[in-house]
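Peer 1: Pasting a structure here, questions to come.
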Amino acid sequence: MADAKAKRGGEAARPLSPHLQIYSPLINMVMSILHRITGAALYFGTLIVAWVLVAAASGPAHFDFATQVLASWPGQIVLFGYTWALLHHLVGGIRHFIWDTGRGFDLATIDLLSWGSAAVSAAATILIWGYVLLCTGSVAP
Amino acid sequence: MSMRTPLKDVRRLGSAKEGADHFWTQRTTGAANLVLSIFAIALAVNLIGADHATFKATIANPLVGLPLLLFIVSAAIHMRLGMQVIIEDYVHGEGAKIVLLMLNTFFAIAIAAASAFSILKLSLGG
Ligand code: HEM
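Quick note, the sequences are listed as chains A and B, same order.
For the first sequence, the residue numbers in my numbering are 1 to 141.
For the second sequence, the residue numbers in my numbering are 1 to 126.
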């Protein structure tokens, strides 16, 4: 395999399929990239979930420290980002499930699903944080 | 100049025959995450401002601790598969790829184990 790869590089350049920058960005392309970025962000975001749980299991001192960090400004921004990433990825996942059934591949539906999921996840994020800020004034688990 | 293409090197080797399983597990855990994430968000919102005793008592409720445990396990499996694809897409050096795929597995298991242990300790520990 490695051998075959090296040879391919050395031989006469064959035409390649156009690369990313040749396409004008469409909403479904942006959403596809965002699904991957939010997936990767959530991957590291689970560290926060695990940290809070381990802190709570370690006792009140460690727990209070964790909630203080999360209630700080940087902590709040990270939690806000985590909420949006999760909701964006969640709603995008539903879009993927629809496509997995083989439906919704005409251009109009693709645009509708892409814009629709972006709007729904943004609205849900704002609603949740609006609710939290209205009811408590501060945010920490 | 050889007229042969690199295809000869991989003919007969077949696929790893795991692709469909990967796909289905990603979808199954995705569906589970769909429900369990909403639960987790609701739980987090409910626990805002809670002190340690309240937090512990809430998690100790089986109707809370159990779905939270399921969320962590499902998310860990799902994110491991997802990150595996990302690594395979962007990392082409064979050595680096194998190391990263291993670290990916370690990370997912560490997250799941640390969270599960903590949930059980909060629920069952004295
Ligand atoms: C803690 C929660 C979650 C984490 C850490 C997570 C992580 C990931 C990662 C890293 C990927 C790979 C992205 C890529 O290949 O581009 C992925 C893909 C995927 N996720 Fe999630 N995810 C979570 C929740 C969800 C939820 C709630 C759903 C469903 C509603 C979902 C559905 C999917 C689907 C369908 C894919 C495959 C997309 C594709 O084939 O391109 N995920 N996820």
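Glycine included, each C-beta is placed from N, C-alpha and C at the ideal position.
Small disclaimer: the values here were computed from a predicted structure and weren't measured.
Which residue marks the beginning of the alpha helix (DSSP H) containing residue 26 of chain B, and which one marks its end?
Peer 2: Your numbering for residue 26 of chain B matches position 26 in the second sequence. Residues 19-46.
Peer 1: Determine the burial state of residue 65 of chain A: buried for a count of at least 16 other Cβ atoms within 10 Å of its Cβ, exposed for fewer.
Peer 2: Taking the first sequence and counting its residues from 1, the one referred to as residue 65 of chain A is at position 65. Result: exposed.
Peer 1: Could you tell me the alpha carbon to alpha carbon distance between residue 23 of chain B and residue 61 of chain A, rounded to whole angstroms?
Peer 2: Position 23 of the second sequence, counted from the first residue, corresponds to residue 23 of chain B. Position 61 of the first sequence, counted from the first residue, corresponds to residue 61 of chain A. Each residue's alpha carbon lies about 43 Å from the other.
Peer 1: Under 7 Å Cβ to Cβ from residue 65 of chain B, same chain only, skipping five residues before and after it: list those, please.
Peer 2: Here the question's residue 65 of chain B lines up with position 65 in the second sequence. So the list reads 59, 119 and 123, once near-sequence residues are dropped.
Peer 1: Under a Cβ-count criterion, where at least 16 other Cβ atoms within 10 Å of its own Cβ denotes burial, should residue 30 of chain A be classed as buried or exposed?
Peer 2: Translated into the one-based positions of the first sequence, residue 30 of chain A becomes position 30. Under this definition residue 30 of chain A is an exposed residue.
Peer 1: Which residues in chain A sit within 9 Å of residue 15 of chain B, going by Cβ to Cβ distance?
Peer 2: Numbered from its first residue, the second sequence carries residue 15 of chain B at position 15. Result: empty, since nearest Cβ-Cβ is about 14 Å, beyond 9 Å.
Peer 1: Would you check if the distance between the CB atom of residue 27 of chain B and the CB atom of residue 100 of chain A is smaller than 9 Å?
Peer 2: Looking up residue 27 of chain B in the second sequence gives position 27. Looking up residue 100 of chain A in the first sequence gives position 100. Result yes, Cβ atoms of residue 27 of chain B and residue 100 of chain A sit closer than 9 Å.
Peer 1: How would you write the range of the alpha helix (DSSP H) that residue 82 of chain A sits in, first residue to last?
Peer 2: Your numbering for residue 82 of chain A matches position 82 in the first sequence. Per DSSP, residue 82 of chain A belongs to the alpha helix (DSSP H) from 73-100.
Peer 1: Taking contact to mean at least 3 C-beta pairs separated by less than 8 Å, is the segment 110-118 of chain A in contact with the segment 65-78 of chain A?
Peer 2: Result no; under three Cβ-Cβ pairs closer than 8 Å.
Peer 1: Give a single yes or no on whether residue 4 of chain B has its beta carbon closer than 8 Å to a heavy atom of the ligand HEM.
Peer 2: The sequence position of residue 4 of chain B within the second sequence is 4, counting from 1. Not so, every heavy atom of the ligand HEM lies at least 8 Å from the Cβ.
Peer 1: How far does the alpha helix (DSSP H) with residue 28 of chain A in it reach, from first residue to last?
Peer 2: What you label residue 28 of chain A is simply residue 28 of the first sequence in a count that begins at 1. 27-58 is the span of the alpha helix (DSSP H), which, as asked, contains residue 28 of chain A.
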